[in-house]
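Trainee:
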Amino acid sequence: MKTSNHISHILHHLSFMAKVCGWATLLIACSSKPSAVPTAFTETTDSLAMYPDYRDVTIPPNIAPLNFQLNDSSATEFVVAFESEVAPKAGFSCGACEDGKIDIDLSLWRQLLYDARGRSLTVSVYAHRPAGWVRYQPFTMRVAEEEIDPYLTYRLIEPGYEYYSQLGIYQRNLTNFDVETVYENDRTFSSDNCHCINCHNFQANDTERMILHVRENHKGTIVTHGNDAYKMIIKHDSILASGAYACWHPTLPLVAFSSNKTAQVFHMNYNEKIEVYDAASDLILFDADNNEVRTILRTSDHFETFPCWSADGTRLYYCTARLPKMPEENFEANLVLRYDSLLYDIYSMPFDTVTYTFGEPQIEINASAQHKSCSVPRVSPDGRYLVFAYASYGQFHLYHKDSDLWCKDLQEGNLYPLTESNSNDVESYHSWSSNSRWQVFSSRRDDGDYTRTYIAYFDAQGQGHRAFLLPQRDPEYNLLLLKSYNCPELTKNAVQVSTEQIRHLIYNTEAELATYKE
Amino acid sequence: MSKRFFRDLWSGYIALLLFFLLMWLWASWWMGDTMRIAYERSYVAPDAMLMHWLWQKPLGWLWILGRILLTTYHWPIIGGLLVAILLTAGSWLFGYCLRLPISWRWLQFLPAGAWLIWTAHVGLNLFYMREPGRILAIPFMWVVVLAILALFIAIYKARHRSYVVLDTPKKELSRRSMLTGDLLEILVIAACFALPMEYLTTRHPYMRPLTCMQVQLLNNDYEGMSRTAHKYAKLSYHQMAGYYAIALARTGHLADQLFDIRLEYDTIRAYDYGNQPVQCLHYHQIDCNYHAGLIRAARHRATEELTLDGPSLYILKMLAKISLVEGDWELTRKYLHIIGKAPFEGAFVRKYKPMIGRPDLVQADPEFAAILRVLPPYHTFEQFYLRPSFVGFYAQLKTFRNEEQLTWAAMACLYSKRMPEFLQLCRRFVGSMPPRSIAEALLIQSYKDPSILQAFPQLEMLQSRFDLFVQDAQPYMQDREAGATALFDKYHGYYPYYYIFGNLRSSRKEESKEEGTGHRNAGIN
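Protein sequence lines, in the order shown, are assigned to chains A and B.
As numbered in the numbering used here, residues 1 to 518 make up the first sequence, in order.
As numbered in the numbering used here, residues 1 to 525 make up the second sequence, in order.
1. Short check: CB of Met-23(B) to CB of Pro-76(B), under 8 Å?
2. Run through DSSP, which three-state label would Phe-466(B) get?
3. At a cut of 8 Å, does the stretch 158–178 of chain A reach the stretch 296–303 of chain B through at least three beta carbon pairs?
4. Just to make sure I have the definition right: I need the residues of chain B whose C-beta is within less than 8 Å of the C-beta of Thr-188(A). Which are they?
5. Name the residues in the stretch 324–341 of chain B whose C-beta lies less than 8 Å from a C-beta of chain A; which are they?
6. What is the DSSP secondary structure of Ile-233(A), reduced to helix, strand or coil?
7. Kindly identify the DSSP beta-bridge partner or partners of Pro-543(B).
8. DSSP state of Leu-513(A), grouped into three classes?
9. Just the Cα atoms here: how many angstroms apart are Asp-479(B) and Pro-366(B)?
10. Return the chain-ordered list of same chain residues with a C-beta closer than 8 Å to the C-beta of Arg-505(B), the five sequence neighbours on each side being excluded.
11. Determine, using beta-carbon pairs with one atom in the stretch 247–257 of chain B and one in the stretch 426–433 of chain B, whether at least three such pairs fall under 8 Å.
12. Can you grab the Cα-Cα spacing for the pair Ile-296(A) / Pro-58(B), in whole Å?
13. For Arg-209(A), which of Ile-197(A), Tyr-230(A) and Gly-448(A) has the nearest alpha-carbon?
14. Classify Ala-29(A) as helix, strand or coil using the three-state DSSP reduction.
15. Asn-71(A) and Ala-49(A) look like a contact to me (Cβ under 8 Å); what is the Cβ gap, rounded to whole Å?
16. Pick helix, strand or coil for His-504(A), following the three-state DSSP scheme.
17. Which residues bound the beta strand (DSSP E) around Ser-443(A)?
18. Helix, strand or coil for Asp-459(A)? Go by DSSP, reduced to three states.
19. Identify whether Val-426(A) lies in helix, strand or coil by the three-state DSSP scheme.
20. For the putative contact between His-291(B) and Asn-269(A), defined by C-beta atoms under 8 Å, what is the C-beta separation to the nearest angstrom?
21. Report the partner residues of Pro-277(B) according to the DSSP bridge assignment.
22. If you count every other CB in all the chains shown that lies within 10 Å of the CB of Lys-408(A), and 16 or more means buried, which is it?
23. Determine the burial state of Met-1(A): buried for a count of at least 16 other Cβ atoms within 10 Å of its Cβ, exposed for fewer.
24. I'd like to know whether the C-beta of Phe-266(A) is nearer than 8 Å to at least one C-beta of chain B.
25. When the distance is taken between beta carbons, is Val-349(B) closer than 8 Å to Leu-336(B)?
26. Tell me which residue opens and which closes the alpha helix (DSSP H) that Gly-483(B) is part of.
27. Here's the rule I'm using: 16 or more other beta-carbon atoms within 10 Å means buried, otherwise exposed. How should Tyr-416(A) be labelled?
28. Less than 6 Å between C-beta atoms, sequence neighbours within five positions excluded: which residues of the same chain meet that for Ala-494(A)?
29. Any heavy atom of the ligand ADP closer than 7 Å to the Cβ of Asn-330(A)?
30. Take Ser-443(A) as the anchor and find which of Thr-515(A), Asn-478(A) and Gly-462(A) has the nearest alpha-carbon.
31. Between which two residues does the beta strand (DSSP E) containing Ile-356(B) stretch?
32. Between His-204(B) and the rest of its own chain, which residues show a CB-CB distance below 8 Å, the 5 nearest in sequence each way excluded?
33. Are the C-beta of Leu-410(A) and some C-beta of chain B separated by less than 8 Å?
34. Express the C-alpha separation of Ile-148(A) and His-430(A) in angstroms, rounding to a whole number.
35. Please report the distance separating the alpha-carbon of His-74(B) from that of Tyr-39(B).
36. Please give the ranges of any alpha helix (DSSP H) in the stretch 409–458 of chain B, keeping only runs that are unbroken, at least 4 residues long and fully inside the region.
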């Protein structure tokens with residue numbers, strides 16, 4: 001036994017040395033070669049182990065190749081055949097790398113999706129086992145007619161509790177695997193310079209206008225307009241705190257912000273790990289052209305958060321919760337103990353786009369009546385649907401395992417879950433494609449801890465389809481990534497300001513204080 | 001064989017051989033545990049994506065190289081061999097490049113000596129809150145640079161016969177200067193071995209026992225941890241006390257041995273990310289929380305360290321084990337997948353992978369079974385308890401899963417001298433003889449509340465020692481620090497001694513400072 005352990009150690013050592021020697025070659029990704037489909041094979045009913053699972057999903061016709069990894073310990077080789085249902089059948093096949101990874105050729109993939117637009121693809125996986133080739137049960141992917149907005153902007157951050165280190169906002173081209181850095185903070189520690197960046201937001205899926213926040217050192221809100229950018233501090237004695245969750249008006253140079261006093265507590269023995277709550281929250285409006293800020297809603301007995309404009313900009317949706325009755329002494333401690341009694345409804349207020357005034361709030365979704373709570377309302381760009389995160393309590397559903405995406409048909413008034421798109425774990429922060437047919441959202445369905453970006457088709461009947469993981473060139477990427485995807489936002493075009501411009505603003509420009517308007 | 005032959009042999013090889021052997025001894029025996037923990041606090045894998053975070057940092061490639069070399073410390077004897085080879089080769093090359101005369105050849109060992117002193121000087125910052133890849137990257141690069149230089153010199157020398165060598169011809173050296181040179185060489189070699197040892201012991205006396213206990217914990221050698229703590233009982237550092245408490249909890253001796261070691265907490269010389277002095281109070285808290293059943297608090301801190309320092313084997317293994325205990329199977333699979341990418345960690349993966357999706361196997365594992373026994377008995381928030389959590393939580397615990405948890409709670413109260421809470425807990429001991437320290441504490445309290453003696457009549461047996469202690473303690477009541485030192489040998493392990501003379505320095509200030517060592521309050525994600 002000891003000898004075999006010793007041999008095993010030596011083998012491990014040798015394997016490591018081989019790995020070290022091949023370090024440079026390992027930096028180069030394996031590329032699947034075109035491979036002939038086996039002519040002789042037997043069908044197998046074995047379950048296909050693939051990651052990510054792209055079976056039976058609806059995909060955009062302009063999406064990057066859906067590379068995946070196959071796992072069959074008895075197989076020495078894999079061949080995957082993609083066929084569209086057009087006549088004559090078009091398609092191609094490719095072999096897997098040694099580790100079962102399928103790296104699909106971009107041009108072949110594009111041609112295939114072009115041919116299959118509005119139809120289905122059939123994917124057949126063949127595995128070479130000692131007894132010969134077997135074929136798994138083929139699966140399909142439906143290629144939608146409608147394209148997804150080609151750019152996805154997101155933040156990558158470790159799922160830390162209180163601390164942060166290196167983090168950044170990046171932009172992925174969804175039609176291929178290109179990633180551009182929008183902004184990254186420092187890679188090494190500097191007590192004078194460390195800063196956090198968050199909550200990027202765009203106007204109507206267009207990067208013409210963008211904002212993002214900088215906190216701690218060099219703090220401020222970066223506001224961009226085309227190629228121009230400036231830094232603001234949206235703060236005033238009459239405002240609770242700096243602007244937090246933001247939403248650009250679809251046409252006017254206005255941003256609705258929530259202003260939150262946010263804190264978090266850590267469960268010691270509970271299904272959830274963290275509870276993020278607001279000790280207070282109001283709504284404010286920032287006029288980007290005039291650098292003015294004013295209060296939209298400030299109440300003492302309610303919390304208001306997550307503002308969202310309607311598609312035509314004439315209505316503002318937001319979440320609101322009634323402060324539970326409790327003693328005023330030790331307010332925060334008492335509030336924490338009642339964390340599960342904070343139930344957020346969705347309200348809306350009419351907005352006059354000429355006078356910039358708001359009308360009377362009206363309830364849109366009375367979740368508290370069902371002992372439920374809403375968060376992150378987002379109206380589809382066609383104005384028809386309101387999709388939001390729905391869970392048992394609170395507003396930070398990213399930490400609530402029962403959080404699902406729900407939809408309200410604003411025309412018909414009916415309310416329903418997006419069952420096909422949801423999972424058993426968290427679904428939260430979501431963003432619409434400008435044509436209202438695609439949604440990207442945050443989900444923790446992979447492992448419960450690391451947030452990943454999922455894409456789901458949203459059909460004209462208002463139904464969400466089965467979601468799929470944001471494709472990566474290396475399908476193992478998400479298994480190895482120790483950061484979470486945060487605030488995914490779809491846009492029609494690439495961010496127009498450069499990383500250097502933003503860096504220069506953050507480091508070298510004094511933030512201008514916004515004027516408060518009564 | 002002439003004297004000249006032995007002389008040349010000595011100056012050429014024997015000195016280097018002696019240096020090599022002493023360095024091997026230093027690096028594998030003296031620093032073996034420390035370097036092993038440095039290895040655990042590091043992570044390297046032949047995967048570009050996994051190492052990207054380090055690669056993109058300034059000199060990232062060098063730190064990756066250093067981490068690769070550090071993996072040899074999976075077996076300290078191999079790691080020590082590598083260090084000895086690097087230092088010896090570096091010293092020889094340094095001497096070669098400078099063309100040192102025999103009488104000055106002792107100089108060749110000085111750069112290696114400087115590196116050795118540096119490793120002793122930085123203490124925990126050798127790997128904690130600092131890049132562990134530095135440790136071996138520095139000597140490695142030193143050797144590489146010298147080797148390139150030596151190659152150029154050799155080529156130059158071969159091409160230019162008129163090359164002016166600084167070496168004094170051997171025949172011209174006087175016997176006296178040769179002897180002086182030899183003596184100096186021996187002295188420098190001995191100093192390279194002894195001085196770093198002495199410096200480390202003086203400047204960071206906790207380093208070796210602390211890392212020794214950590215290695216023992218890796219091997220689940222709780223008895224060994226306890227022995228190490230007793231051996232260094234007069235050293236008092238939060239970190240050592242924490243690991244000692246783990247050992248006692250695991251061996252069931254928490255209630256009768258906790259106060260055996262000095263609990264006064266001396267200052268550690270270490271610096272945080274911003275080069276501010278820090279007491280490294282978080283260093284041991286992940287292990288302490290984990291073994292105290294506070295796995296959420298352990299996960300909390302482990303996640304913070306993952307964020308601040310990047311992945312390390314220690315953190316990834318801890319997160320994998322916590323995920324297993326919590327039944328987060330996919331998360332466990334993720335961490336094991338990443339750990340499995342690192343060289344030499346196959347055994348860890350093979351041990352824990354079969355437990356995924358098998359709560360029966362998790363419960364059957366002795367380490368996990370011990371933790372599952374003491375999980376928090378009710379829902380609460382981490383913030384509601386005193387820090388550190390593993391003391392604070394237990395000091396305020398009011399309901400218990402079992403007797404073990406009750407004893408821990410009582411001991412946490414005794415440690416933090418929270419006597420009202422302690423007395424509340426002691427009601428549960430009525431009718432039986434409580435464990436030693438608890439009985440001693442009850443005896444103290446019986447002076448305030450005589451009814452305690454009625455509830456615990458057995459305490460009278462402890463009266464005579466207590467009277468003796470009161471007599472001995474009397475002269476020191478105005479100068480407790482002096483009393484702590486004077487009475488330690490006689491009364492260590494005796495709770496009244498700890499109550500009066502133990503843990504006098506408040507660590508509250510240090511703890512609050514400790515919390516400000518990173519980029520905070522951005523992690524709501």
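Yeah, the Cβ is synthetic: ideal placement off N, Cα and C, and Gly gets one too.
Mentor: Let me lay it out:
1. no
2. helix
3. yes
4. Going along chain B in sequence order, the residues near Thr-188(A) (Cβ under 8 Å) are Lys-57 and Pro-58.
5. Asp-328, Glu-330, Leu-331, Arg-333, Lys-334, His-337, Ile-338 and Lys-341
6. DSSP places Ile-233(A) in strand when its eight states are reduced to three.
7. Any question about residue 543(B) goes unanswered here, given that chain B covers just 1 to 525.
8. strand
9. 46 Å
10. Glu-264 and Tyr-265
11. no
12. 47 Å
13. Tyr-230(A)
14. Model confidence at Ala-29(A) stands at a pLDDT of 47, short of 50, so the residue's coordinates are unreliable and nothing is read from them.
15. Correct: roughly 4 Å between the Cβ atoms.
16. helix
17. 438–443
18. coil
19. coil
20. In fact, because the Cβ distance is near 16 Å, the residues do not count as touching under 8 Å.
21. Tyr-271(B)
22. buried
23. Reliability fails at Met-1(A), whose pLDDT of 40 lies under 50, so the model's placement of it is uncertain and the value that follows must be treated cautiously. Answer is exposed; the Cβ neighbour count stays below 16.
24. yes
25. yes
26. 480–491
27. exposed
28. Tyr-151
29. Of ligands this structure carries none, so the ligand ADP is not represented either.
30. Asn-478(A)
31. No beta strand (DSSP E) holds Ile-356(B); DSSP gives it neither H nor E.
32. Same-chain partners within the cutoff: Ala-120, Gly-123, Leu-124, Ile-268 and Arg-269.
33. no
34. 14 Å
35. 7 Å
36. Every alpha helix (DSSP H) of 4 residues or more that sits fully in the stretch 409–458 of chain B is shown, in chain order, as 419–426, 436–445 and 451–455.
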